[in-house]
Each structure stands twice: as structure tokens, then as C-alpha cells.
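Peer 1:
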Amino acid sequence: MKSLSLLFASFWMVAAAVSQTTSDISIIPQPVSLEKKTARFVLTNQTKIVADAKNADLQRIAGYFSSQVKTATGFTMATAPQTVKTNVISFTLNRTADKTLGKEGYSIDVTAAGVQVAANDPAGLFYAVQTLVQLLPKEIESKSVVKKTSWVIPGVHITDYPRFAWRGLMFDVARHFFTKEQVKEFIDDMVKYKYNLLHLHLTDDQGWRIEIKSLPKLTEVGAWRVERTGTFGTLTPPAENEPRTYGGFYTQDDIKELIKYAADRFVNIMPEIDVPGHSMAMVASYPELSCTPGSYHVSAGEKFMQWTDTGFYALVDNTLCPANDKVYEALDKVFTEVAQLFPFEYIHMGGDECAKNFWEKSDAIKQLMQKENLKDMHEVQSYFVKRVEKIIESKGKKLLGWDEILEGGLAPNAAVMSWRGSKGGAEAAKMQHEVVMSPNNNVYIDLMQGDGAIEPPVYKTVLLKSSYQFEPIPEGADPKYIKGGQANLWTEQIYNMRHAQYMTWPRAFAVAESVWSPKEKKDWNDFIRRVEAHFGRFDVAGIKYAPSMYDPVFDVNKEGDQLKVELNPQIEGLDLYYSFDNSFPDRFYPKYTQPVLVPKDAVTIRVISYRGKEPIGRMITMPVATLKARADRKK
Ligand code: ACM
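Residues in the sequence shown are numbered from 31 upward in steps of one, following the numbering used here.
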């Protein structure tokens, strides 16, 4: 009897130890396989690193890890020979027999004696380091030494590798300029979540951001505009002779430095030169490249596109002229230099949202159509893209473009980035072209992540849940053509790095999991648990994130003469409290349980969410007039 109770007692002790460690494990993206162990490893100031001294990659990756450990713990991790087996973190290349790991996979074994990290290739070791850091307490993210009694790594055996080879984030450095150091910061954050591709959107109507030595005006003129702050599309155009004080660009040395910085972290940089639309900065620099003679300026964010129910047109011609040979000569110069700078195999040529209304009026375009037997403006753009493809291929690179390049006929070898939903990706895959999925309804992280009543205004909303639902293989598509997926951070409305972080996180956690983790491993509620753990890590690291998932989304309908408001929490386990009397609700106010009628004469509904007794969401003040306008629009 006694021995039986002892057996039970030890069983419960072991079980408690396991559950204690599991609740501490919050890895994003979710690994392929994670087995928990009872033993755990405690990192101390005596812990040593074991890594082959003759292998430069291994040394660099181990150094990356030990420098983060040193910053947060103050421990200087000495190296030890392979014969040392206790109190070590050992990094090994090519010791694994597990071929499923591929180039980017890894395994981690944590025992009381130490941590064994193994991979086939350096990239795998680098991703193992990211996981290892996430296994340590959140204080490991600190930028200064934290006096902590115990740096515990829970006992685990992890085997992990990515679902997709293309795991991208796009950073628009054209609409607002972000410095070289800020781009490095962006890279530092993305690699923690195992992204491996930085798509730099380098040119647009609001700025040209890369030095092209053979076309100096691109940066002398195109990189600078008048400074404006406010809402994109409503800003004031420049006055005559107003100084162009806002902007910047990367010199070719800057670009080389960024490429090296990224490569050291296993990130490729893909440049985008967005043509023939979105080209106002290029046209302002070289007006002879337009079909429409005139003088141009780099856009300050004023209204110059008109969106309609059926499409859009330009109020000012912001396109390159496909009928002008000078355009192809200029692009040859641009792509020669871009191809020499960037080792990545693809160059993105944009191709999106090109207004055709000025082309329709151009005699040169009419002549081109006759000569080349082009029947509409889509075929004119397709003619342009095919010529650009030849230029890009002549530099030894492959062309990638937004899904508009399908219109009028896809260039022979072009890869397609599908952003207007998944349709373009499915179509291109059917035609046996390579595809990267970036559907705006899931992965456009420039869009609002909650109700417009609380979020900084942008065109529309993409909730965290929609990002988590991102499935990179479009229905019916042959997976072999889908290279992967990426989230896009456009910056029309992003003026600074803190806001860039707010927009990126946590939705980029969701996209990371969609492109790295096995589909069947995704679990929304568990993801939210892990997101909250990573919020804690970001708090320590001083990285901004959006707490929008704690706020409800409003819906409204008319019921007779009254408005009926529905509040939809984004995650489970929250209580919503509200007021109609203009005062600030707390948990002693009415609790929302079902849609509520707006009382006659009320001017606001204020709502706040709680978890238990703690306020967790932000105080949202929704004007009744806004609700009424929304209900009217629905009719
Ligand atoms: C795009 O969002 N215009 C590609």
C-alpha cells in the first residue's frame, strides 16, 4: 500500500513537472514535432558552447546565440571541446540522419546535462537558435542584463522544418522612407519567426529609394518630396518651388551592406522596381518616359487616382510609356545595376494598378497597338511586361510580378505574386508558372486589425484571425508551383518604425505559422495563448505590437427606427462592458450578452473588454452617427 502511494506521488510529481514546463512552451511558428521531457536544463554563467572552431558558419551562429545570452543574462559563454558533455549547448552540422529536415530544418534535445542542436545546414542551426531563444524565459529578450535566479530551458525533443521555402515579408520603403538601420531592425525581428525573404518595395509614386549610378536623377529628384503628415490621398500637393525636404535613398554601398546583413541571418532580399504604373517618382525624374508630355513632381500623397465601382483611373499620368524605346533603355540601365547588386534570383517588376486612361489617349500607344497587333490596353501592358522580362532575363534573373501581369497574356517565364485574392495564383499555377501567395484579405498587414473606431484609419480591415486562416495553396492548384507566401506592409499611412511594428505584429506571427508549420498543427486558441506569451517577450524587448485582438468588432443593423449593435469579440474568454451615457464603462457596467438597441438620443456607445477583473482591451468610443452611417450603407 505504502509503495503504491509512493508510486502515485512520484507519478504526480512528474506530471506536475511536465505540465509546468508545457505551459511555458510557446513557440511561434509551431514546430513540426515537440515532445516534452521531464528533465530541464538550467543555463548558468558556467554553461559553455560547443561548436566546431573550424566552421565559420557554426561559429557565427553560435556567436549570435551567445551574444543575445550575454546581453540579457550577463553570462559570457566560453567555448568547450566536443569531449565536454555537461553544462553545454552544442551545435552540430551534418550529424543528423534525418533527411526530412532539409536545408532549413533542425532538431533540439534538451536534457539536464545540456542542449544538443543539430541540422544539415547552417540555416537550420540558425532557426534552431530562434527556437532555443523562445524556450528561454521572456527576459532573454532584454537589451540589458536581467538579474534572474534561473534561466530554465524546459526539457524537449523538437524536430522541425518549414512547410514552404518562400516565407516573406514585404516592406514598402517608398511611400515612407525607412533608414538602413531601420531595415536591419526589421530583419532582426522577422528572423525570430523564421521568415527568410525580405521583399523591398523600392520605388513608387512617392519616392525612388535606390541609387542607380547611370540614372542619377532617379535619386536626385525622385527620392525627395515635400513633407506632409495626415491621411494619404488627401494631402496637399506641393506649392511651386516648395522645398523637397522629405525622403532619402539607399546608396549602392548601403544596399550591399543590407544584403550582407540579411544573408548573415539567412534572409534573401528581393528588390521591387514597380513599373509601368506607380512610377511617378521615375517620371518626375525623367519626364520624357511618360506618354503624356508635361512636368511632374514626386507625389506628396495627394489624390491622383480615382477609384470607382468598376476600377480606377489616374488624374495625373503616373505611368511609363510602353510605346517609347527610351523607357526600355532606361529600364535596361536600372535592371543592369539592380541585378549586379542583388544576388537573389528574382527581380520583382511590380505591374500592379497601372492606370491606362492616359495610354488610351496617346497617339504613340495607338501606333504601337497597330504595329504589334495589340487589341486592348491589357495587351499593351502585357507587351511591356514581356519586353521587361527579356531585359531581366538578359541580366541572368527571373521576373516576378503582381497578378495584374496575367492580364493580356502572361510573359513566358514570369512568376506571379497573387495579391487580389487567390484567383491569380491558381490561374498562374494552372499555366505551370511559379506562384507566391499574398492575398490581401489575409496578409495585407497595412490594413486595420480591428474596428475603424479604434484603429488608425486605412482602407479596410484584416483581423488577426483572417491572417491565421491564410492557406498558401489555392484550392485546386498543384502545390508544386506554389513557392510559399508572404505578408505585405505598405506604408502610405505608416510614418515611423513604431507604427510599422504595431502593424506587423501579431499578424506576422499568424502568417509565419501559415508558411512554416504543418497545416494540421494550426490551432487558433493555442495560437492566441502563444501570441500572448510573445506579447510578454515584446514588452521586454521594447517592440511595439497591436493589442487589437482584445477589442470587439462592431456590427450594426436597423430594427424599425432604432439601431441594433452587435459586438463581436475577436478571441474567446473576454467580457465586454458598455455605456450609452458618454461615461467610461468598467466591469460594474452592463455586460454585453446579446445585440443591444441604441437608446433614443444616445450619441455614443463606449465599450471596453475585460478578462476577469482586469481591463484588457482599449476604451472604444463609437459615435452613434457612425453606426447610423454604417447601417445606411448596408441597405
Ligand atoms: C498592390 O497591393 N497594389 C500589389
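Note that CB positions come from ideal geometry on N, CA and C, so glycine has one too.
Using the Cβ count rule (16 or more neighbours within 10 Å means buried), how would you classify Thr51?
Peer 2: With a pLDDT of 42 at Thr51, under the threshold of 50, the predicted position of this residue should be treated as unreliable, though the coordinate-derived value follows. Thr51 comes out buried.
Peer 1: Return yes when the Cβ of Asn471 is within less than 8 Å of the Cβ of Ser496, no when it is not.
Peer 2: The answer is yes: Cβ separation under 8 Å.
Peer 1: In three-state terms, what does DSSP make of Trp196?
Peer 2: Here Trp196 sits in strand by DSSP.
Peer 1: Can you find at least 3 beta carbon pairs, one from the segment 584-600 and one from the segment 614-632, that sit closer than 8 Å?
Peer 2: The segment 584-600 vs the segment 614-632: in contact.
Peer 1: Cβ atoms of Ile299 and Leu232: under 8 Å apart, would you say?
Peer 2: No, the pair does not count as a contact, with Cβ atoms beyond the cut-off.
Peer 1: Within the same chain, show all residues whose beta-carbon is closer than 8 Å to that of Tyr191, passing over the 5 residues directly before and after it, in chain order.
Peer 2: Correct list, in chain order: Val62, Thr130, Leu131, Gly132, Glu134, Gly135, Tyr136, Gly154.
Peer 1: In chain order, what are the residues with a CB under 6 Å from some non-hydrogen atom of ligand 1?
Peer 2: Cβ-based neighbours of ligand 1 within the cut-off: Asp382, Glu383, Trp432, Trp449.
Peer 1: So the candidates are Ile242, Ile646, Phe201, Ala632; which of them puts its Cα closest to the Cα of Gln531?
Peer 2: Checked all of Ile242, Ile646, Phe201, Ala632; the closest Cα to Gln531 is Phe201.
Peer 1: What first and last residue would you give for the beta strand (DSSP E) that runs through Tyr607?
Peer 2: Unbroken beta strand (DSSP E) run through Tyr607: 605-609.
Peer 1: Can you give me the start and stop residues for the beta strand (DSSP E) that His378 sits inside?
Peer 2: Per DSSP, His378 belongs to the beta strand (DSSP E) from 376-380.
Peer 1: Under 8 Å between the Cβ atoms of Val152 and Asp87?
Peer 2: Just to set this straight, residue 152 is Pro in the shown sequence, not Val. The answer is yes: Cβ separation under 8 Å.
Peer 1: By the three-class DSSP mapping on this structure, what secondary structure does Lys658 have?
Peer 2: In the structure shown, Lys658 sits in a helix (DSSP, three-state: H, G or I).
Peer 1: Based on the DSSP output, what are the partners of Asn298 in its beta bridges?
Peer 2: Asn298 is bridged to Leu227.
Peer 1: Helix, strand or coil for Thr52, going by three-state DSSP, please let me know.
Peer 2: Annotation note: pLDDT 48 at Thr52 (below 50); position unreliable, coordinate value reported separately. Helix at Thr52.
Peer 1: Evaluate the contact criterion for the segment 320-330 versus the segment 341-354: three or more CB pairs, one atom per stretch, below 8 Å.
Peer 2: Contact between the segment 320-330 and the segment 341-354 is present, because at least three Cβ pairs lie under 8 Å.
Peer 1: How many Å lie between Asp54 and Thr161 at the Cα?
Peer 2: Computed Cα separation, rounded: 13 Å.
Peer 1: Compare the C-alpha of Gly144 against each of Thr116, Pro167, Arg295 and name the closest.
Peer 2: Selected option, being the one with the closest Cα: Thr116.
Peer 1: Could you compute how far the alpha carbon of Tyr276 sits from the alpha carbon of Trp254?
Peer 2: Spanning the two alpha carbons is a distance of roughly 6 Å.
Peer 1: Have a look at Phe296, Phe342, Pro167, Thr534 and flag the residue whose alpha-carbon is nearest the alpha-carbon of Ile475.
Peer 2: Comparing Cα-Cα distances from Ile475 to each of Phe296, Phe342, Pro167, Thr534, the minimum goes to Thr534.
Peer 1: Give me, in chain order, the residues of the same chain whose beta-carbon lies closer than 6 Å to that of Asp382; leave out the 5 immediate sequence neighbours on both sides.
Peer 2: So the list reads Trp432, Glu434, once near-sequence residues are dropped.
Peer 1: Hey, out of Gly515, Val256, Tyr607, whose CA is closest to Pro25's CA?
Peer 2: The shown model of the chain, from 31 to 665, leaves out residue 25, and the question about it has no answer.
Peer 1: What three-state label does DSSP hand Ser244 in the structure shown?
Peer 2: Correct three-state label for Ser244: coil.
Peer 1: Would you mind stating whether Ile242 and Leu73 have Cβ atoms separated by less than 8 Å?
Peer 2: Contact flag unset, no.
Peer 1: Can you give me the C-alpha to C-alpha distance between Met652 and Tyr608, rounded to a whole angstrom?
Peer 2: Roughly 11 Å between the two C-alpha positions.
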